[in-house]
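Read through the structure below, which is laid out as structure tokens, and then see the notes.
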Amino acid sequence: MIRQLDFYGYPYVGIYGANTENYVVLPPDLPAHTADEAAETLGVAAIRTLINDSTLIGSMMTGNSNGFIVSDLALEREVAALEKALPTARLKGKMTAAGNIILANDTAALVHPALSDRHLEVIRDTLKVDVRRGTIGGLKTVGMAGVATNKGLLVHPRATEEELSALEELFRLPVDIGTVSFGSPLVGSAILATTKGLVTGTKTSGPEVGRIEDALQLGE
């Protein structure tokens, strides 16, 4: 299923929300009908919470079917809300935007090159995946520069051949390039996706939606 939605009147669904194959995390004040449509489209259950008392959930956290990784600034009640669904770990240190710096699915994670060995250990133990450092399109904020499901990846259009090969080797999935919102290269900012469905902002064009659908192998 594919649906185009805006959150708070903006197309950046990937900044305001985060999802795994089974859950989507959305702000409590997002209208119920919007949250319900997003969850239905993705084929998941909704968790309603803020992260660090902020609606910028997709920037502050990430996760997969095994667990969640959140900003070290996340409040205790927010972590408790997530832990009702999955084990949740804090990413300690100065880089608090966990969703911006980790690109993960159920088998692998690409992370910001500056993350320490200890950070990688936390990510590996929580998400139970192979973790490597890297860039996409030269960007260290790999979580915003890409989207990964268990069927495929869509990444920044300026990703190099070397980066694409590294992603294919790490995730063992097809990788394609594309854009959102009429040409934005930060594809993670405007996409929420599972193997069952896709939510993207209303400014994402028809050809862009088609490219996303093909890259993530939706409906296959």
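Quick note on numbering: full-length UniProt numbering labels position 113 of the sequence shown as 113, and the sequence is numbered without any gaps.
Glycine included, every Cβ here is placed at the ideal spot set by N, Cα and C.
In the three-state DSSP reduction, Asp72 falls in the coil class, being neither helix nor strand. C-alpha of Leu5 to C-alpha of Glu76: approximately 30 Å in a straight line. C-alpha of Thr96 to C-alpha of Gly210: approximately 33 Å in a straight line. If you look at Leu120, you'll find it in the alpha helix (DSSP H) that goes 117 to 127.
DSSP links Phe171 through a beta bridge to no other residue. Per the C-alpha coordinates, the member of Ala32, Ala38, Val111 positioned closest to Thr62 is Val111. Secondary structure within the region 30 to 68: the alpha helix (DSSP H) runs of 4 or more consecutive residues, fully enclosed, are 32 to 42, 57 to 60 (chain order). At the C-beta level, Val155 and Arg3 stay beyond 8 Å of one another.
Collapsing the DSSP output to three states places Tyr16 in a helix. Burial of His119 is indicated by the presence of at least 16 other C-beta atoms within 10 angstroms of its C-beta. As summarised for the region 145 to 207, the continuous alpha helix (DSSP H) elements at least 4 residues long and confined to that stretch are 161 to 171, given in chain order. Taking the C-beta atoms as reference points, Leu186 is found nearer than 8 Å to Ala145.
Burial check for Ser116: the Cβ neighbour count within 10 Å stays below 16, so the residue is exposed. When Cβ pairs closer than 8 Å are counted between the two stretches, the region 125 to 140 is seen not to touch the region 38 to 53, the count staying below three. In the three-state reduction of the DSSP assignment, Leu139 falls in the strand class.
With a cutoff of 8 Å on beta-carbon distance, Leu82 and Val70 are scored as near each other. Linking Ala215 to Asp176 through their CA atoms gives a straight-line distance of about 6 Å. In the three-state reduction of the DSSP assignment, Ala108 falls in the strand class.
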